[in-house]
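Student: Here's a structure for you.
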Amino acid sequence: MVSTTYQVQGMTCGHCVNAVSTELGAIEGVSDVQVDLATGQVTVTSDQPLSGDAVRAAVDEAGYELVGV
């Protein structure tokens, strides 16, 4: 298992957390998504390292911006 923490900008509420969690959780191989709303940090656990493009696309689809790893 691999855990990677990303920085996501623009999340302000529980709905935001749910949207990001849902989109990232849909990436093949992802087993867990933990979002810290206060810091904007999102920790994704997967069975192998994820493509940065896949993570960025999922965050974009949720309506937010991936600003760092």
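Numbering (numbering that gives the first Met the number 0), first residue to last: 0 to 68. Using N, Cα and C, we set each Cβ at its ideal position, and we do this for glycine too.
Closer than 8 angstroms: is that where the CB of H14 sits relative to any heavy atom of the ligand ADP?
Tutor: The ligand ADP is absent from the structure shown, which contains no ligands of any kind.
Student: Check whether the Cβ of V34 lies closer than 9 angstroms to any Cβ atom in chain B.
Tutor: The question asks about chain B, but that chain is absent: this structure has only one protein chain.
Student: Is it the case that the Cβ atoms of P48 and V1 are separated by a distance below 9 angstroms?
Tutor: The residue given as residue 48 occupies position 49 in the sequence shown. The residue given as residue 1 occupies position 2 in the sequence shown. Yes, Cβ-Cβ distance for P48 and V1 is below 9 angstroms.
Student: Exposed or buried, what is S30 when buried is set at 16 or more other beta-carbons lying within 10 Å of its beta-carbon?
Tutor: To locate residue 30, count along the sequence shown from 1; it is residue 31. The residue is exposed, with fewer than 16 neighbouring Cβ atoms inside 10 Å.
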